[in-house]
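Protein chains in written order, with full-length UniProt numbering: chain A, 1 to 516; chain B, 1 to 951.
Ideal Cβ positions, reconstructed from N, Cα and C, are used throughout, including at glycine.
Down below is the structure, laid out as structure tokens.
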């Protein structure tokens, strides 16, 4: 019996408490254990991914109880891919947090980081709807802790909005699960799929309500308009490495939509007809529009990236809302791209904010202006979907996949026009921050702004930040984007195989429900 | 050399100047030149084969599933363009070395230039239109960087953004066009597409594809009405203007039109769009150019005009016109790049580009004058230079073109444009070099070193040679290129003397008219200045500013930070979709009997509803609403108990107690009343929304409860297997620690995280300025005199062991009877909380040495390690084991790993609650608040006696 599947959850669940229990006063030890854990997680994730390449689905029955009565973890191509994406993201983000010294600006960064990973990885691996809720809770509470890491009144205020809005979402999750359970009497996803498919046609109202509420919950996480309101302020005010890690959090919502709406409420299930694509597609288009408009209209670089994250979720959700294998394959490719890009730009935004403040107004030249400008330029290219980085490939894939849809012209028009708005917004911001600094008319601001109340006055004695490491992390993410572009062929082959597996859920269901 | 390598070389080479600049400017420029030369040699190696009519290809599958492959091909047209790009590139690199000043970061410049060069070579060598798109956008990006090269100049920054916006927009529309085109043809490979003329032109999607692609071409090649960005791109250093914005990049649009000519041209749509736009651009550019005083602006508009000319020729759709277009591409590149470099020399030497400040330079700068003279005469179309040859061909083609039945229109406008062209070309000579020598040049001019004049001299030599011996020099290349454009074998034999053709007469008219116009320049300028003209930059800037402000308005208006509004939108959206899902499904009849309503539940129902309504009514009073919430919680616990769910009731009530205590602590720091913020109208709106949501939720629950499961529920399995497989008779507990122990594991983690977050926030807050405010805080009301009453202290001391005993009891019975680690943890926490309440935080903390972080960590670890224990038996995580032990003098009892897991739960819950409490109480600390004594009045205390004696 292989226990490798559960390690992505158990390992951070051991390291986190261990840090709390034994080394909470030793910042450097925490760093060592945190990095070791993430490196190990990467190795595990790679191993797991290679095991799914032949199309096999592995099921791990917790407590040795047969499905659907106990909880199961399921490893298929999709979950393996998402796990690997998370760990690949986590490593540079962690290095950045250490390099920039963010991890020592408050308490318990590393423990919370591990718990956050536990929640995200658990959400990707579980095959049980209620267990998904539990992992949503884990990742929500840990993300709240990370979000307000370092304190400060602005951040705390944004944190309240974040946590309240998401708790409303959690309540809705419970209501949705209750509704689904009250009809089907089960919580295991594979079992749900079997039962939903065989529901009598004369009583479908309740299951439809449950299904749509569930979709709304995931839509909140995925920041779909008009349920995205929690995102801009919280991402813009979160510590940069945390915001970068959050790039994967919206993808948890996207993942859950893909999972539930291919497995349980798939396109061929009569009960779920018209529940997903019909409203998700227009909402996704609006999300993309709102994101790009936000990029152009913003006054602050952190917010700019936050809106960029919303825009890229819009593109991703367009692809998801088409619910065809081709579109889902494109969506999965775009998921990787969007995650790495948003993370890279959040880190770049932080490099800027640390040196000159985040306001998009002229300031004198900051140290390392050229290097940061180059990183921003690359990140902006990726975010706007310009060649030669993966955003362009992803955009082409999504547009190509939309071809068969009735909305194709609208989709194309929105994607292309928002790309232009994004280009305008990003070039404006880049020119203001990196170029205008050289203008001779720009002088340093008269007085430094008063530091915000609530900001800790004196950081405790902590290891020195390692600025070089921060750049290494940012360039590592950029290297990821380059690889994603160069290896687009094989990666697309993988996502196509993944999509094929998703749209033929019989294998999944059978693997989960068969008695060992 | 592989085509792949030719396209990649400049990109790879872009690293060298960026690094080698540290070794000096010569190292940077030499390395750049070497890279370009290498690529050029690699290209020319293929030239003989291509000129023979062969096509060199190089293919690499990149993203075959999309049709995006790195396929390259080299035919005549590609060879022509690639040679121009790399050849002129070499000259520009040399020129730039001497043009840029010491302060300019030259490494950056050459890196950008090489990136541009690679992108441009990529465009002309691509055999795949998606690959072409990639290179296409790359030229926009590198041009953006090069225009904005002088970061300190606002014109540079604005020009860069304008160019990027316009060409970027075109590139985006071209993406759509290419996707459509590839779809029609069934492939994105040019070699395939070019063979499907009928298929493409018959498709209903031909028109949209054509228009979208042309938008890309027109924006790139600065065609009307997108021409306005090009003059503003002149803020770039002159080598860039010469290279990108006259010789190469702006010709990318022309290249693409020529490339697609075999499949897209020949229709009316093509003729009327491309031909007309080209014609308008040619005339408009020529007219404006005459009235520009800035040398570079003059050249920029003349470039616009010539690009229009070539576009027009391609638009005519005839073979002769296409050949003329190809020939003029070469000629324009030679004389215009030379002229730009020339303007750069003038600027460099005199420190001005304003024609009004110049004149008479021929004596001071004879070499520059000679070069400028030849190039400008060629531009004017004066024999025997190459410009004359292609212009004759253009006029010839125009003479035979009939526009919507009007035969004179195109020739007349062509002559009109050519007339202005002559005028501005000659003005460049006359007003800059001829005339009297002046004494007020901003800087005293003289001829520059050969580094600056040699590169244009090479081009001017070509201008002369092509003009004199066109067949020897240009014919092979033009033939090959034109053959590739038209798809037929082309015979190209230009000659200076064609006989007395209409074109010759038209040319003569143009030259004479041009001379006349130049003579009347002053008057013409006055007329021009009085004409109302739309200023493109003003309009564009206003548009962009408007768009930015609108975006800002929308964004700020939408995301105004009001949580209430966000929640309202959420609720309405959720209710709407929920109702939609409900109403579009079939709603079956009730299948579940309801219980009869009796007095007890009815009373409970009234209490529950009443307390909830009271919370709404009295929510301004924080303390009161907390009490009322407590009532609600209590009623919920009671109903759990009434409905035979003792575990839930126990959990609920202990959670309730702990929550209320923690909330009370928090209330301490808030005003007693909440502020009154909402207007009556808004309250009515909110009431309506929340009532609807509540009714909807209630209705949903009612519908659920009045219906049976559609299928047998999994809980039957739990009931059946709880004792047999889980070793416990309390199914709830077995579910918690065994069937779904993994959920519990997650939830205790959540609790632990919540506690450490409370701790972390406290640390952050108390480490900040807020601490001062807390220390100086005045209580809302006078404090009670008796903070630590004797009775309470004594009672809680006695309660503590009892409470712990109860916790232990609840813990151990949990597996079989209502109870368990969660409830036990809460009860144990309450036992400690009581001590804090009785004797104060400081006193209790001193006597309680266990670190709560450690307890939480231990709890989660114990649970995890228990779960991992199963691995050693080869079983999955959290598989439980249990056995029955019989010890002497004791009854048989059960030992289960689940109990160990439950211990983890207990510790985590206990630690979490106490850490939260401890953190909250730290806010309340003020000097003197902590008592060193357990209670206020203690009969045993020494100081108490003294105090009594004092009375």
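At a cut-off of 7 angstroms between beta-carbon atoms, residue 724 of chain B makes no contact with chain A. Per DSSP, reduced to three states, the secondary structure at residue 354 of chain B is strand. In this structure, the alpha-carbon of residue 797 of chain B lies about 48 angstroms from that of residue 125 of chain A.
Residues of the stretch 81–103 of chain A with a Cβ closer than 8 angstroms to any Cβ of chain B: none. Around residue 761 of chain B, the beta-carbon contacts reaching into chain A at under 8 angstroms are 148, 151, 156. In this structure, the alpha-carbon of residue 138 of chain B lies about 20 angstroms from that of residue 399 of chain A.
For residue 63 of chain A, the nearest beta carbon of chain B is closer than 7 angstroms to its own beta carbon. With a cutoff of 7 angstroms on beta-carbon distance, residue 484 of chain A and residue 551 of chain B are scored as not near each other. Residues of the stretch 51–65 of chain B with a C-beta less than 9 angstroms from any C-beta of chain A: 61, 62, 63, 64, 65, listed in chain order.
Under the 7 angstroms criterion on CB atoms, residue 738 of chain B is classed as interfacial with respect to chain A. Of the residues B:376, B:180, B:597, the one whose Cα lies closest to the Cα of residue 408 of chain A is B:180. Closer than 7 angstroms to the CB of residue 461 of chain B there is not a single CB belonging to chain A. When the Cα atoms are used, residue 924 of chain B and residue 848 of chain B turn out to be separated by approximately 19 angstroms. Against chain A, the beta carbon of residue 622 of chain B has no neighbour under 9 angstroms; the closest one sits roughly 17 angstroms away. Under a 10 Å Cβ-count criterion, residue 469 of chain B is classified as exposed, with fewer than 16 other Cβ atoms of the shown protein chains found around its own Cβ. Collapsing the DSSP output to three states places residue 74 of chain B in a strand.
Proximity to residue 113 of chain A across A:132, A:149, A:83, A:80 peaks at A:149, based on C-alpha coordinates. Here residue 326 of chain B is near residue 478 of chain B, since their CB atoms are less than 7 angstroms apart. The three-state secondary structure of residue 77 of chain A, taken from DSSP, is helix. Of all residues in the stretch 288–300 of chain A, the ones placed with a Cβ closer than 9 angstroms to any Cβ belonging to chain B are 290, 292, 293, 294, 295, 296, 297, 298, 299, in chain order. The straight-line gap separating the alpha-carbon atoms of residue 334 of chain B and residue 62 of chain B is approximately 37 angstroms. Annotation for residue 59 of chain A: the continuous beta strand (DSSP E) segment containing it runs 58–61. Distances from the alpha-carbon of residue 23 of chain A to those of B:199, B:853, B:513, B:20 put B:853 closest. Under the three-state reduction of DSSP output, residue 57 of chain B falls in the strand class. Of all residues in the stretch 235–258 of chain A, none places a beta-carbon less than 9 angstroms from a beta-carbon of chain B. Residue 117 of chain A places its beta carbon less than 7 angstroms from that of residue 12 of chain A.
For residue 154 of chain B, the C-beta contacts it makes with chain A under 9 angstroms involve 436, 439, 441, in order along the chain. Taking 8 angstroms as the cut-off between beta carbons, none of the residues of the stretch 902–936 of chain B comes near chain A.
Annotated three-state conformation of residue 127 of chain B is coil, per DSSP.
For a cut-off of 8 angstroms, the C-beta gap from residue 664 of chain B to residue 622 of chain B is around 10 angstroms, too long to register as a contact. In this structure, the straight-line span from the alpha carbon of residue 391 of chain A to that of residue 360 of chain B is close to 55 angstroms.
With respect to chain B, the C-beta atom of residue 412 of chain A has a partner C-beta closer than 7 angstroms.
In this structure, residue 826 of chain B lies near residue 654 of chain B, with their beta-carbon atoms less than 7 angstroms apart. Per the coordinates, the alpha-carbon of residue 799 of chain B lies some 58 angstroms from the alpha-carbon of residue 355 of chain A. Collapsing the DSSP output to three states places residue 405 of chain B in coil.
Inside the stretch 605–630 of chain B, DSSP marks no whole beta strand (DSSP E) run of 3 or more residues.
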